[in-house]
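Below you'll find the structure, written out as structure tokens, and then a few comments.
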Amino acid sequence: MKRVPEIRVRAANAAPARPDRAFVLYWMIAARRSRRNFALQRAVEHAVTLGRPIVVLEALRTGYRWASERLHRFVLDGMADNADAFARRPVLYHPFVERTEGSGSGLVETLARDAAVVVTDEFPCFFLPRMVERTAARLDVLLETVDSNGLLPLRAASQVYPTAYAFRRFLQKTLPDHLDAFPDEDPLEGIDLPRLARLPEAVVRRWPEGATADAASLPEEAHVPPAPFRGGARAGAAALQAFLDLRLPRYVEARNRPEEEVTSGLSPYLHFGHVSIHDVFTRLASREAWFPGRLSKVAKGERAGWWGMGPEAESFLDEAITWREVGYNFAHLRPSDHDRFESLPEWAKRSLLAHAGDAREPLYRLDRFESAATHDPLWNAAQTQLVREGRMHNYLRMLWGKKILQWAESPQQAAEILVHLNNKYALDGRNPNSYSGIFWVLGRYDRPWGPERPVFGTVRYMSSENTARKVPVKAYLKRYVPAEPRGLFS
Numbered sequence: 037m038k039r040v041p042e043i044r045v046r047a048a049n050a051a052p053a054r055p056d057r058a059f060v061l062y063w064m065i066a067a068r069r070s071r072r073n074f075a076l077q078r079a080v081e082h083a084v085t086l087g088r089p090i091v092v093l094e095a096l097r098t099g100y101r102w103a104s105e106r107l108h109r110f111v112l113d114g115m116a117d118n119a120d121a122f123a124r125r126p127v128l129y130h131p132f133v134e135r136t137e138g139s140g141s142g143l144v145e146t147l148a149r150d151a152a153v154v155v156t157d158e159f160p161c162f163f164l165p166r167m168v169e170r171t172a173a174r175l176d177v178l179l180e181t182v183d184s185n186g187l188l189p190l191r192a193a194s195q196v197y198p199t200a201y202a203f204r205r206f207l208q209k210t211l212p213d214h215l216d217a218f219p220d221e222d223p224l225e226g227i228d229l230p231r232l233a234r235l236p237e238a239v240v241r242r243w244p245e246g247a248t249a250d251a252a253s254l255p256e257e258a259h260v261p262p263a264p265f266r267g268g269a270r271a272g273a274a275a276l277q278a279f280l281d282l283r284l285p286r287y288v289e290a291r292n293r294p295e296e297e298v299t300s301g302l303s304p305y306l307h308f309g310h311v312s313i314h315d316v317f318t319r320l321a322s323r324e325a326w327f328p329g330r331l332s333k334v335a336k337g338e339r340a341g342w343w344g345m346g347p348e349a350e351s352f353l354d355e356a357i358t359w360r361e362v363g364y365n366f367a368h369l370r371p372s373d374h375d376r377f378e379s380l381p382e383w384a385k386r387s388l389l390a391h392a393g394d395a396r397e398p399l400y401r402l403d404r405f406e407s408a409a410t411h412d413p414l415w416n417a418a419q420t421q422l423v424r425e426g427r428m429h430n431y432l433r434m435l436w437g438k439k440i441l442q443w444a445e446s447p448q449q450a451a452e453i454l455v456h457l458n459n460k461y462a463l464d465g466r467n468p469n470s471y472s473g474i475f476w477v478l479g480r481y482d483r484p485w486g487p488e489r490p491v492f493g494t495v496r497y498m499s500s501e502n503t504a505r506k507v508p509v510k511a512y513l514k515r516y517v518p519a520e521p522r523g524l525f526s
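See below:
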């Protein structure tokens with residue numbers, strides 16, 4: 037068993053470990069999987085050192101913004117997979133689901149009273165950092181957060197990078213030092229630990245197991261039906277295999293074509309922690325017969341050529357590593373405003389605000405956007421895909437955002453609408469990577485573009501007409517634009 041790199045471990049409170057207590061508690065909140073999981077690996081380290089059993093608590097909270105059947109169902113799929121995976125391992129797995137809002141209150145604190153140490157996931161986004169901070173302050177035992185987010189540890193970078201190029205150059209200089217410190221494929225393999233038979237009866241009675249809960253019966257803020265595909269580690273592994281076998285060979289030539297299914301489809305599984313980016317990289321590297329010696333010795337920040345893989349693999353890695361992890365860098369170092377208009381670069385804010393008074397024609401409110409009821413069939417198709425499936429083609433997501441900027445009352449309102457629609461409907465919403473995409477629309481990671489235009493100023497402009505000329509969209513339109521007006525979920 038390898039030790040978890042110290043750069044990925046942070047003490048969230050000043051309380052000591054309590055070696056005389058009954059078990060090590062892993063509070064699983066972001067890396068919701070049993071494999072390639074640094075936090076689980078850290079819990080195993082403590083358990084082996086102390087000779088204590090491990091309790092894995094995976095909880096589904098329901099009282100959060102945008103809570104819906106769609107999001108709950110995806111998490112529950114993962115819980116079912118984890119229940120199967122842990123049933124054969126030397127841990128006690130306890131999946132808890134809040135069937136009424138707030139019913140999970142006190143569970144972590146109660147378990148922590150018998151914990152020698154508590155380990156949880158570090159995730160720099162949504163309500164998770166605040167939840168962990170509040171909980172850590174209430175415990176009398178050490179709570180550690182462990183970073184399993186990316187190939188590059190969050191604390192390897194001390195500054196926010198203004199462009200993907202700047203971050204890519206830093207990544208190319210820094211990442212080689214971390215490529216020999218991947219999480220164990222199976223942290224529990226070959227580990228001889230005592231196993232706790234069950235939790236105390238009072239705990240189980242108040243907070244019963246809930247992996248088989250009905251997502252439709254759980255409290256929700258908004259009614260959004262489940263997506264037409266499953267969550268969980270098994271479905272994520274199948275999606276990864278299908279991408280490598282069927283889609284990757286055509287990734288360069290077809291990934292920007294909405295009519296063709298060649299993108300990976302992995303972002304929901306990465307967001308919910310059902311798939312590890314380390315596993316994605318390992319599987320791809322094996323396919324490419326790659327080894328670290330193939331890395332370029334020169335860090336130029338270029339999109340292709342540094343990894344020493346084929347063009348399809350290099351193109352995919354620039355999306356899955358560079359563009360994904362630059363968002364985690366931003367969210368980690370700008371925790372208070374990474375999801376706000378105020379976080380935009382100064383040039384973009386100046387330009388957008390200088391044109392805030394420009395006439396918007398047409399001007400749409402949130403309900404028209406949400407119902408895919410604009411005058412633009414291509415935009416409506418992209419919004420319909422988002423609402424129906426919880427995902428949107430990557431290329432059209434850019435156009436989707438640009439049109440909201442053009443048709444909303446102000447750039448600030450555009451940012452709010454973008455965040456709301458993405459976080460409500462997208463399975464990969466509420467994530468640093470999705471905030472990168474949203475705020476790229478408004479100028480983050482970009483540069484000024486001429487000529488200066490109404491509404492946009494010098495922020496990059498896109499049009500549906502140009503998009504339809506660049507990429508084939510007829511079949512996409514036929515699939516996602518209904519012939520007759522429909523309700524939101526018809």
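All the letters of the sequence shown, read from the start, carry residue numbers 37 to 526 under my numbering. By construction, the Cβ of each residue, glycine as well, lies at the ideal position given by its N, Cα and C atoms. In this text, all values refer to a predicted model and were calculated from it rather than measured experimentally.
- With 16 or more other CB atoms across the displayed protein chains lying within 10 angstroms of its CB, Gly465 is buried.
- Non-local C-beta neighbours of Ser332 in its own chain, meaning closer than 7 Å and more than five positions away in sequence, comprise Gly341, Trp342 and Gly344, ordered along the chain.
- Across the set Thr181, Tyr364, Arg293 and Leu107, the C-alpha of Tyr364 shows the shortest separation from the C-alpha of Ala200.
- In this structure, the alpha-carbon of Arg433 lies about 7 Å from that of Ala418.
- Taken atom to atom, the span from the alpha-carbon of Ala51 to that of Ala148 is near 12 Å.
- For Ala50, no beta strand (DSSP E) segment is defined, and its DSSP state is neither H nor E.
- Here the stretch 301-314 lies against the stretch 255-275, with 3 or more beta-carbon pairs under 8 Å apart.
- When DSSP reads this structure, Val91 sits in a beta bridge with Leu61 and Leu128.
- Taking the Cα positions, Asp222 is about 8 Å away from Asn73.
- For Thr358, the secondary structure class from DSSP, reduced to helix, strand or coil, is helix.
- Taking a contact as a CB-CB distance under 8 Å, the pair Ser70 and Phe122 counts as one, their CB atoms being some 6 Å apart.
- Of the candidates Leu107, His108 and Phe132, the residue whose Cα lies closest to the Cα of Ala119 is Phe132.
- According to the DSSP assignment, Leu463 belongs to no alpha helix (DSSP H), since it is labelled neither H nor E.
- For Asp281 and Ser194, the gap between their C-alpha atoms comes out near 38 Å.
- In the DSSP assignment, Leu179 is bridged to Val154.
- CA-to-CA, the gap between His429 and Pro294 works out to about 6 Å.
- For Val155 and Tyr481, the gap between their C-alpha atoms comes out near 34 Å.
- Under the 8 Å Cβ criterion, the stretch 351-358 does not count as touching the stretch 406-415, having fewer than three qualifying pairs.
- Taken through DSSP and simplified to helix, strand or coil, Tyr481 comes out as strand.
- In this model, His456 and Ala217 are separated by some 37 Å (Cα to Cα).
- Per the Cβ contact rule, the stretch 38-56 is in contact with the stretch 171-186 (3 or more Cβ pairs under 8 Å).
- Straight across, the Cα-Cα distance linking Lys209 with Ile313 is about 20 Å.
- Contact check for Glu145 against Gly99 fails: the beta carbons are separated by 9 Å or more.
- The alpha carbon of Asn416 has as its nearest neighbour, out of Ser139, Lys460, Val509 and Leu389, the alpha carbon of Val509.
- By the Cβ rule, the stretch 231-251 does not count as touching the stretch 355-375, because fewer than three pairs are nearer than 8 Å.
- One alpha carbon belongs to Trp359, the other to Ala202, and they sit about 11 Å apart.
- Glu256 and Arg515 have their C-alpha atoms spaced approximately 29 Å apart.
- With fewer than 16 other beta carbons inside 10 angstroms of its own, Gln277 counts as exposed.
- Measuring C-alpha to C-alpha distances from Glu297 to each of Glu289, Arg283, Val288 and Gly309 identifies Arg283 as the nearest.
- At a Cβ-Cβ threshold of 9 Å, Pro398 and Trp443 count as neighbours.
- Each of Leu190, Ile453 and Thr299 was checked against the Cα of Glu42, and the nearest Cα belongs to Leu190.
- Spanning the alpha carbons of Tyr197 and Arg204 requires a straight line of approximately 9 Å.
- Considered as a whole, the stretch 162-208 harbours 164-174 as its complete alpha helix (DSSP H) runs of no fewer than 4 residues, in chain order.
- Val133 carries a strand assignment under DSSP once its states are collapsed to helix, strand and coil.
- Assigned with DSSP and collapsed to three states, Val45 falls in strand.
- The Cβ neighbour count for Lys438, taken over all protein chains shown within 10 Å, is at least 16; the residue is labelled buried.
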